[in-house]
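Here is the structure we will look at.
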Ligand SMILES: NC(=O)C1=CN([C@@H]2O[C@H](COP(=O)(O)OP(=O)(O)OC[C@H]3O[C@@H](n4cnc5c(N)ncnc54)[C@H](OP(=O)(O)O)[C@@H]3O)[C@@H](O)[C@H]2O)C=CC1
Ligand SMILES: O=C(CO)COP(=O)(O)O
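Next comes the structure, spelled out in structure tokens:
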């Protein structure tokens, strides 16, 4: 018997892989795809050929290009579009969202201009209270999840009962969700690790080994925790799946789009050449300057975000970034 209907808005890699988790957990899932041909591929071929080629989608998943059809009767609405497009997309979705439905963000970015997290954008545009907004974040590379490799994640909502309800809705044989009430910590962990993965990718592209990448991952975690704690996050969230867990997965995996983006920069490609080489989103490249602005507004030192932003803007090279990390003024580790 079905648990209920879930609408998944966004039919890229993660929207599709997470739809599989939801279907495996007993939900009926209707995906909304921006392009009609993607919806047709999901319905007719049982495959999302553009984003998860070779993966067979379960029968409980269907897709449509029509937001009204996707959202009708759904008590859980999952948002999986690129972060910088969320605000523009919401007005087409919100009129069809059921009045008591919970909105769940899978997105890992911070909005340019406003420096808002995705839960804040949803709250603002939809005038929706925190008890109806949740975030799911963790070490969840889409292709591994779609292959049903074991993984864990965090469901965060200010209302613990809602987090628990969502946890049961997405607990599948291969996917183990934990609950949290620290929405801010989970979201910042997810957005920040993308920038650290860009930086690790640069190191890999420059030919450096595990000492360099481990140093960057560790200092990246310190930097993430510094900002998140200043903004009110629970420090333990950063030690958990949505912090350290996601940071390690993304920085270590050749499947990561952010790490790959950084690697190409380290190998000498330009930002424009990399954008032209793929349809997939590397959220860190988009969110880096907004995370930098957030850190500056909060009076928090953020050298990785600052240097990566300078590389993306073409102000320094990847080699200069590495030199600067080592040669700048020294300091105590815990600071
Ligand atoms: N992939 C992963 O492993 C994970 C991703 N995430 C996060 O999930 C979010 C979605 O990423 P993911 O699914 O991987 O992204 P992909 O790059 O795989 O897919 C992007 C999707 O968004 C659509 N899209 C692109 N531009 C727009 C727009 N302007 N308006 C509406 N839709 C648009 C694309 O449609 P079209 O095909 O028509 O271009 C496509 O369906 C990101 O924030 C990412 O950080 C989180 C955890 C894991
Ligand atoms: O968020 C992710 C894994 O948890 C996916 O990372 P990328 O967007 O770098 O592929």
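In the numbering used here, the protein residues as written are 582 to 916.
Just so you know, even glycine gets a beta-carbon here, dropped at the ideal spot from N, CA and C.
What separation, rounded to the nearest whole angstrom, lies between the Cα atoms of residue i and residue j?
{"i": "residue 668", "j": "residue 728", "result": "31 angstroms"}
{"i": "residue 808", "j": "residue 816", "result": "10 angstroms"}
{"i": "residue 711", "j": "residue 819", "result": "21 angstroms"}
{"i": "residue 883", "j": "residue 632", "result": "33 angstroms"}
{"i": "residue 625", "j": "residue 611", "result": "14 angstroms"}
{"i": "residue 696", "j": "residue 706", "result": "15 angstroms"}
{"i": "residue 852", "j": "residue 909", "result": "26 angstroms"}
{"i": "residue 760", "j": "residue 738", "result": "8 angstroms"}
{"i": "residue 901", "j": "residue 685", "result": "40 angstroms"}
{"i": "residue 789", "j": "residue 755", "result": "34 angstroms"}
{"i": "residue 864", "j": "residue 585", "result": "31 angstroms"}
{"i": "residue 779", "j": "residue 825", "result": "16 angstroms"}
{"i": "residue 833", "j": "residue 803", "result": "18 angstroms"}
{"i": "residue 776", "j": "residue 699", "result": "17 angstroms"}
{"i": "residue 894", "j": "residue 845", "result": "15 angstroms"}
{"i": "residue 890", "j": "residue 640", "result": "43 angstroms"}
{"i": "residue 736", "j": "residue 762", "result": "8 angstroms"}
{"i": "residue 877", "j": "residue 787", "result": "29 angstroms"}
{"i": "residue 753", "j": "residue 723", "result": "15 angstroms"}
{"i": "residue 648", "j": "residue 734", "result": "27 angstroms"}
{"i": "residue 870", "j": "residue 583", "result": "43 angstroms"}
{"i": "residue 848", "j": "residue 859", "result": "16 angstroms"}
{"i": "residue 881", "j": "residue 811", "result": "8 angstroms"}
Using only the heavy atoms of ligand 2, determine whether one of them is closer than 7 angstroms to the beta carbon of residue i.
{"i": "residue 758", "result": "no"}
{"i": "residue 837", "result": "yes"}
{"i": "residue 721", "result": "yes"}
{"i": "residue 909", "result": "no"}
{"i": "residue 775", "result": "yes"}
{"i": "residue 661", "result": "no"}
{"i": "residue 864", "result": "yes"}
{"i": "residue 860", "result": "no"}
{"i": "residue 627", "result": "no"}
{"i": "residue 873", "result": "no"}
{"i": "residue 733", "result": "no"}
{"i": "residue 729", "result": "no"}
{"i": "residue 631", "result": "no"}
{"i": "residue 724", "result": "no"}
Which term fits residue i, buried or exposed, when burial requires 16 or more other beta carbons within 10 angstroms of its beta carbon?
{"i": "residue 907", "result": "exposed"}
{"i": "residue 563", "result": "The requested residue 563 does not occur in the structure, where the chain is confined to residues 582 to 916."}
{"i": "residue 912", "result": "exposed"}
{"i": "residue 868", "result": "buried"}
{"i": "residue 630", "result": "exposed"}
{"i": "residue 792", "result": "exposed"}
{"i": "residue 748", "result": "buried"}
{"i": "residue 770", "result": "buried"}
{"i": "residue 772", "result": "buried"}
{"i": "residue 642", "result": "buried"}
{"i": "residue 899", "result": "buried"}
{"i": "residue 915", "result": "exposed"}
{"i": "residue 758", "result": "buried"}
{"i": "residue 606", "result": "buried"}
{"i": "residue 879", "result": "exposed"}
{"i": "residue 831", "result": "buried"}
{"i": "residue 750", "result": "buried"}
{"i": "residue 594", "result": "buried"}
{"i": "residue 827", "result": "buried"}
{"i": "residue 806", "result": "buried"}
{"i": "residue 713", "result": "buried"}
{"i": "residue 801", "result": "buried"}
{"i": "residue 857", "result": "exposed"}
Under the assumption that residue i contacts residue j (Cβ atoms under 8 angstroms), give the Cβ distance between them as a whole number of angstroms.
{"i": "residue 886", "j": "residue 872", "result": "5 angstroms"}
{"i": "residue 767", "j": "residue 823", "result": "4 angstroms"}
{"i": "residue 903", "j": "residue 843", "result": "Actually they are not in contact, since the Cβ atoms of residue 903 and residue 843 sit about 12 angstroms apart, beyond 8 angstroms."}
{"i": "residue 644", "j": "residue 614", "result": "5 angstroms"}
{"i": "residue 688", "j": "residue 661", "result": "7 angstroms"}
{"i": "residue 618", "j": "residue 664", "result": "With a Cβ gap of about 24 angstroms, residue 618 and residue 664 do not count as contacting."}
{"i": "residue 781", "j": "residue 838", "result": "The Cβ separation is near 13 angstroms, so there is no contact."}
{"i": "residue 704", "j": "residue 652", "result": "Not really, about 18 angstroms apart at Cβ, beyond 8 angstroms."}
{"i": "residue 813", "j": "residue 875", "result": "Incorrect: roughly 13 angstroms between the Cβ atoms, too far for contact."}
{"i": "residue 646", "j": "residue 673", "result": "The Cβ separation is near 11 angstroms, so there is no contact."}
I want to check one thing, is the minimum distance from the CB of residue i to the heavy atoms of ligand 1 below 7 angstroms?
{"i": "residue 670", "result": "yes"}
{"i": "residue 830", "result": "no"}
{"i": "residue 601", "result": "no"}
{"i": "residue 689", "result": "yes"}
{"i": "residue 713", "result": "no"}
Using a beta-carbon distance below 8 angstroms, is residue i in contact with chain B?
{"i": "residue 809", "result": "In summary, chain B is missing from the structure at hand, where a single protein chain is found."}
Is the number of C-beta pairs between the stretch 629 to 639 and the stretch 720 to 736 that are closer than 8 angstroms three or more?
These segments touch.
Taking contact to mean at least 3 C-beta pairs separated by less than 8 angstroms, is the stretch 789 to 806 in contact with the stretch 731 to 746?
No: the two stretches stay apart, fewer than three of their Cβ pairs being nearer than 8 angstroms.
Between the stretch 672 to 692 and the stretch 653 to 664, do at least 3 Cβ pairs fall closer than 8 angstroms?
Segments in contact, yes.
Any contact between the stretch 712 to 723 and the stretch 589 to 604? By contact I mean 3 or more CB pairs, one from each, below 8 angstroms.
By the Cβ rule, the stretch 712 to 723 counts as touching the stretch 589 to 604, because three or more pairs are nearer than 8 angstroms.
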